[in-house]
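So the structure is just underneath, and the comments pick up after that.
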Amino acid sequence: MVKPDRRAGVSGFGTKRVWVWVVLLLIAGASVLLVGRTAAVALTHSTEETTFLQLLNEYREDNGLEPLVASDLLSVAALRHSSDMSKYGFFGHITQASDYFPAGSDPFRRMALCGYDYATYKGEIIAAGCVTARQVLDVWVGSDVHRRELLRSSYKVVGISRFYRAGSAYGYYWTVDLGGWVDPTAQGSAATTTTTSPPSTTTTVSTTTTGSSTTTGSSTTTTSGPAPFFVDVPPSAPYYQAVMGLQEAGIIGGFVVGDQQEFRPAEAVNRAQFAKMVCGVFHLAVSEDLACWFSDMGLDNPTDLYPHDYVAAAALSGLALGVGNSMYAPWAAISRAQAVTMVVRGAQQYAPEVLETPPQGYDCPVPGTGDQTHDTNMVVAECSGLLVGIEGLGSGWNPWSQATRAEVAQILWNVMR
0 MVKPDRRAGV
10 SGFGTKRVWV
20 WVVLLLIAGA
30 SVLLVGRTAA
40 VALTHSTEET
50 TFLQLLNEYR
60 EDNGLEPLVA
70 SDLLSVAALR
80 HSSDMSKYGF
90 FGHITQASDY
100 FPAGSDPFRR
110 MALCGYDYAT
120 YKGEIIAAGC
130 VTARQVLDVW
140 VGSDVHRREL
150 LRSSYKVVGI
160 SRFYRAGSAY
170 GYYWTVDLGG
180 WVDPTAQGSA
190 ATTTTTSPPS
200 TTTTVSTTTT
210 GSSTTTGSST
220 TTTSGPAPFF
230 VDVPPSAPYY
240 QAVMGLQEAG
250 IIGGFVVGDQ
260 QEFRPAEAVN
270 RAQFAKMVCG
280 VFHLAVSEDL
290 ACWFSDMGLD
300 NPTDLYPHDY
310 VAAAALSGLA
320 LGVGNSMYAP
330 WAAISRAQAV
340 TMVVRGAQQY
350 APEVLETPPQ
360 GYDCPVPGTG
370 DQTHDTNMVV
380 AECSGLLVGI
390 EGLGSGWNPW
400 SQATRAEVAQ
410 ILWNVMR
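Residue numbers for the sequence shown follow numbering that gives the first Met the number 0, beginning at 0 and rising by one.
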């Protein structure tokens, strides 16, 4: 299987431009209406919009996911954003000028202003220059980051807009808004939105490519959205998606400060904490029955699995080998190289599908450590995309520096997703 070059995030979209907006919000105790493929395509959208929904739901079902149902509220938000982009000459997730929304509005505000103001998962994907439903779906499916959004199981409803404006930069503008809560308008009722129909001729084909530039799949728009779970990890933070994804999965937590929670992304991670994290990511069995043989762990609290039993599980699985002389150094900060090695060992055993074999002569941008084991694992991790999203990665990135909470969250999230 050939994968895109995830180091650069390039997906080879030619002259079509695609961006993605990804934000995860928490929702507790929410029930959703399950709908089938027939109900999902019963809305009165344009032919291409209806075709896109059908193709998308077939793709989701082929991947073991529930189909999406069209939401009138999200369709209105999508239509208005597509219209604004085509009329006012911008392409992005932040409103530059609008007939409907205040300038500077992000997808969440637009959805809320159109009535979809639920505290749930929300996302937006846009494209310009794609004429047909098949074209735009193929572009998005061909991009790792967009494909993950289309296959996110948390989404239940979708709003779709394919808007054409003669004389605009790209001609056709697509906006797909996604949500995790089935709102009252998403019951298979007829949509109240309309879509501008394209001309009957094909003379606009050339304008869809003129002046268009390739936007890589790694271009993720991140501006302020709803309040984050951790007060120090706003939606604009580079590691926001990773931190929120791991928090939702119960793998990481924060620090309670008054009535708020802090994540402290810049703080170092100690080796005991990281052992617990990798146990969660790779679903290692942890119990009080495990024997921890490291001599520097101190007394084991039989009522608490942390840290002894997590360290024992990581060691028994071959992920953690200690620092020598029968010691683990549980409270010492883990280095980037050590963290990467533990992750690669775990992936080799429990998630081999996420790893790529570096080709001969592979040029890894990460400096060597001087340790053959760490160097080999670092190259595998980088080639496999497990270091995607790490800030400052390159010749100046020191693999022996302490790994921060944000960095390990990103690496582990790259494994999970």
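All C-beta atoms in this analysis are idealised placements derived from N, C-alpha and C, irrespective of residue type, glycine included.
Cut-off 6 Å between Cβ atoms - residues of its own chain near residue i, not counting five sequence neighbours on either side
| i | result |
| --- | --- |
| Y117 | W180 |
| S82 | F162 |
| T203 | Low confidence applies here, because T203 scores a pLDDT of 22, under 50, leaving its location unreliable; read the following figure in that light. Hits under 6 Å: G170. |
| F89 | Q95 |
| D299 | H307 |
| I333 | V268, R270, F273, A402 |
| V130 | Y171 |
Whole-angstrom C-beta distance between residue j and residue i, which should lie under 8 Å
| i | j | result |
| --- | --- | --- |
| S160 | S74 | 7 Å |
| A77 | G128 | That belief does not hold up - the Cβ atoms of A77 and G128 are roughly 17 Å apart, past 8 Å. |
| R164 | S85 | 4 Å |
| V140 | Y58 | 7 Å |
| I250 | G279 | 4 Å |
Closer than 9 Å to chain D by CB, residue i
| i | result |
| --- | --- |
| V379 | Absent from the structure: chain D. Only one protein chain is present. |
Classification of residue i by the beta-carbon crowding that lies within 10 angstroms, buried from 16 upward
| i | result |
| --- | --- |
| W412 | buried |
| L149 | buried |
| P101 | exposed |
| A168 | buried |
| S394 | exposed |
| E390 | exposed |
| E48 | buried |
| A405 | buried |
| T356 | exposed |
| P106 | buried |
Sub-9 Å separation of residue i and residue j beta-carbons
| i | j | result |
| --- | --- | --- |
| F273 | V407 | yes |
| A284 | V342 | no |
| A319 | V277 | yes |
| T403 | E261 | no |
| A336 | W292 | no |
| P264 | E287 | no |
| Y361 | V378 | yes |
| L72 | G122 | no |
| A350 | F281 | yes |
| T50 | R133 | yes |
Sequence-distant residues of its chain with Cβ nearer than 8 Å to residue i (five each side left out)
| i | result |
| --- | --- |
| Y305 | A271, K275 |
Residue range of the beta strand (DSSP E) that includes residue i
| i | result |
| --- | --- |
| A126 | 121-127 |
| V255 | 254-256 |
| I159 | 156-163 |
| Y171 | 171-178 |
| Q259 | 259-261 |
Sequence-distant residues of the same chain with beta carbon closer than 7 Å to residue i, five excluded per side
| i | result |
| --- | --- |
| W330 | N269, A271 |
| S294 | S325, M326 |
| A328 | R270, D295, V322 |
| R344 | G317, L318 |
| Q409 | Y238, A241, G388, I389 |
| A290 | A311 |
Span of the alpha helix (DSSP H), counted from its first residue to its last, around residue i
| i | result |
| --- | --- |
| V353 | Where V353 is concerned, there is no enclosing alpha helix (DSSP H), given that its DSSP letter is neither H nor E. |
| G279 | 270-280 |
| G369 | No alpha helix (DSSP H) holds G369; DSSP gives it neither H nor E. |
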